[in-house]
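Right, one structure below, let's go through it.
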Amino acid sequence: MRKIENFIAGEYVAAASGQRFDKRSPLDNRVIASIAEAGRGEVDAAVKAARGALNGEWGGLTTEQRVELLYGVANEITRRFDDFVEAEMADTGQPAHVQKHVFIPRGAANFKVFADVIKNVASESFQMATPDGRGALNYSMRVPKGVVGVICPWNAPFMLMTWKVGPALACGNTVVVKPSEESPQTAALLGEVMNAVGIPKGVYNVVHGFGPDSAGEFLTQHPGINAITFTGETRTGAAIMKAASEGMRDVSFELGGKNAGIVFADADFDAAVDGIFRSAFLNSGQVCLGTERVYVERPIFERFVQALKVKAEAVKFGRPDDHNANYGPLISQEHRDKVLSYYRKAVEEGATVVTGGGVPEMPGELTAGAWVQPTIWTGLPDNASVVRDEIFGPCCHIRPFDSENEVVALANDNVYGLSTTIWTNDLARAHRMAARVEVGITWINSWFLRDLRTPFGGSKQSGIGREGGVHSLEFYTETRNVCVKL
Ligand code: NAD
Ligand code: 6OH
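Heads up, the sequence shown is in the numbering used here, so the first residue is 1066 and it goes up one at a time.
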């Protein structure tokens, strides 16, 4: 069993209270780690360390020096690749191939890409006339916001944490990170990387714990935090926004989704089935960008439902390092209870269960894990809770549609607006749809293709602000104007 400590001012430290909590494996419910729970004292020490670094060595570095250090972080993550893969697999139970090909490489890229972005930022300047005829020069500079609180979810822990820590550090801030209580290990491991590379102590700090009345809340309430960036549930975002209003702290939120996948009859059928399958079931459906509502044009509806069913029934459950398996469990028993409650609700609301709806039979100790079947429903009314709520599990409801206008209205009839994936070979229609579906991210004939320079974020209740490329600078820096009399 691992012991995971807080990481404050470059040192691994337990909580002064001695308080710890357990992390259980999603595979078999065994306790795999004991984690130090930060109290107000540890959060305060972490914020002070972050402020000290900002006012000390880190704050005095040039952009070029920071950029070199961040390249070093990316390289060191790559050197310790197997350790990150192993830690993330242990916390999430998700297959090795997803960690190796998607999530962990993205962690390294998040440092490299934002180092590149910051190297290439230009600033504006204006020459102005003055009454004495000598004139003045105005120029702007981007300065760090200060100490940034980073609060993260469990579904793609390392990728989503570094997506915030990378740009925050590139812009010259320091951070205090609160990883999810369900996925503390890669955030802890990143501390070793920071020390190995020579990132000054206090630049990167990690406090562990829960949300309410624990490290999450203590961090968001701390007056020494200048801005808060959060990925997680919309409800949690609302609580954090209240805390941030004290002291007028800025927030950046990536929140929930109930994303629509839209398939027109003219689409490349096999590509659409593959794309919707991936978008609904990757990471056992625990992806904010995932598709839980699928709309299929009527002429191909039945054929599409059958094709998706065949793929869903072909998944092979098993341990992340089992080469014969390709499908993992949910993150926890608690999350499984939530997902299974929606599986029951779907039946109560009148769904036809096309496939799944329950728990797969697992061998031996895996019976105690958080496994659920990929599930497909049809036949639900548009106001069913299963069609409206974010479930965050491996499931989708498929409904036929007859016209472009109808499917736009259906897609937009939800409080969320994170992303959509649209499948069609009609170019003009693809662009019309892109303009009309109310989301922050639209994929045409693709899904989860990510260029890290592009704006990323949600509309409606799916978020506030955009991160990615230069958009991240809007949040992680402030612009200062300097006026020089000539
Ligand atoms: P969550 O909101 O339950 O928890 C996220 C983090 O917030 C955790 O670290 C938690 O401990 C902390 N937290 C909880 N209450 C808090 C409080 N009152 N104050 C401060 N911190 C608090 O979310 P989750 O269950 O970990 O993640 C799943 C959710 O995240 C889903 O809704 C999913 O859609 C969303 N998500 C969104 C994106 C996106 O980019 N839009 C990406 C990934 C996940
Ligand atoms: C949500 O589960 C996945 C979010 C993805 C990103 O934040 C990203 O940068 O690709």
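C-beta atoms are modelled at their ideal positions from N, C-alpha and C, and glycine is treated no differently.
Since the model is a prediction, treat every value here as computed from it, not as a measurement.
Limits of the unbroken alpha helix (DSSP H) element including S1190: Note, S1190: premise wrong, no alpha helix (DSSP H); beta strand (DSSP E) at S1190 to M1193.
With a 10 Å radius around its C-beta and 16 neighbouring C-beta atoms as the bar for buried, classify S1245 as buried or exposed. buried
Are any of the Cβ atoms in chain D nearer than 8 Å to that of A1372? Judged by its chain identifiers, the structure shown contains no chain D, having just a single protein chain.
Measuring only from the beta carbon, is A1221 closer than 7 Å to any heavy atom that is part of the ligand 6OH? yes
Three or more C-beta pairs below 8 Å linking the region 1361 to 1381 and the region 1176 to 1187: no
What three-state label does DSSP hand A1187 in the structure shown? coil
Identify, in the order they occur along the chain, each residue of the same chain with its Cβ nearer than 6 Å to the Cβ of N1175, setting aside the five sequence neighbours on each side. T1227, W1228 and G1231
Proximity below 8 Å, CB of G1214 to CB of L1320: no
Would you say S1245 touches the ligand NAD, meaning its beta carbon is less than 7 Å from a heavy atom? yes
DSSP state of P1266 mapped onto helix, strand, coil: According to the sequence as given, residue 1266 is Lys; it is not Pro. Three-state result, K1266: coil.
Could you tell me if the beta carbon of S1310 falls within a distance shorter than 7 Å of some heavy atom in the ligand NAD? no
Contact the region 1480 to 1498 vs the region 1328 to 1339: 3+ CB pairs below 8 Å: yes
Sequence-distant residues of the same chain with beta carbon closer than 7 Å to V1271, five excluded per side: N1071, F1072, V1242, P1244, A1252, A1253 and G1256
Which of helix, strand or coil DSSP assigns to N1175: helix
Alpha-carbon spacing of I1305 relative to E1282, whole angstroms: 8 Å
Are the beta-carbon atoms of M1154 and P1385 separated by less than 8 Å? yes
Beta carbon of C1353 nearer than 8 Å to that of G1302: no
Looking at C-beta atoms only, is the number of pairs between the region 1100 to 1110 and the region 1156 to 1165 that lie closer than 8 Å three or more? no
Leaving out five residues before and five after E1129 in sequence, what residues of the same chain have Cβ atoms less than 8 Å from its Cβ? K1184
Length of the line joining the Cα atoms of E1503 and F1318: 17 Å
Which residue marks the beginning of the beta strand (DSSP E) containing W1442, and which one marks its end? T1440 to T1443
Which one of T1544, S1511 and I1100 has the shortest CA to CA distance from D1333? S1511
Nonlocal neighbours in the same chain, by C-beta distance under 6 Å from E1298, ignoring five residues either side: G1321
According to DSSP, H1462 sits in a beta bridge with which residue or residues? R1358 and W1442
Who are S1205's beta bridge partners in DSSP? N1546
Which of the three DSSP states is assigned to A1098 in this structure? strand
Taking all protein chains shown into account, decide if T1239 is buried (16 or more other Cβ within 10 angstroms of its Cβ) or exposed. buried
Taking 7 Å as the cut-off, does the CB of I1216 come closer than this to any heavy atom belonging to the ligand NAD? yes
Could you spell out the range, first to last residue, of the alpha helix (DSSP H) harbouring I1341? F1334 to F1346
Using CA coordinates, which residue listed in G1355, S1524, K1177 and C1548 is at the minimum distance from A1325? G1355
Chain-order list of residues whose beta-carbon lies under 6 Å from that of R1464 (same chain, five-residue window excluded): Y1360
Per DSSP, cross-strand counterpart(s) of N1324: T1356
From which residue to which residue does the alpha helix (DSSP H) around V1504 run? Careful: V1504 lies outside any alpha helix (DSSP H) and carries neither H nor E.
Can you tell me which of the three DSSP states D1087 falls into? strand
Could you tell me if the beta carbon of C1353 falls within a distance shorter than 7 Å of some heavy atom in the ligand NAD? yes
Any heavy atom of the ligand NAD within a distance shorter than 7 Å of the CB on T1285? yes
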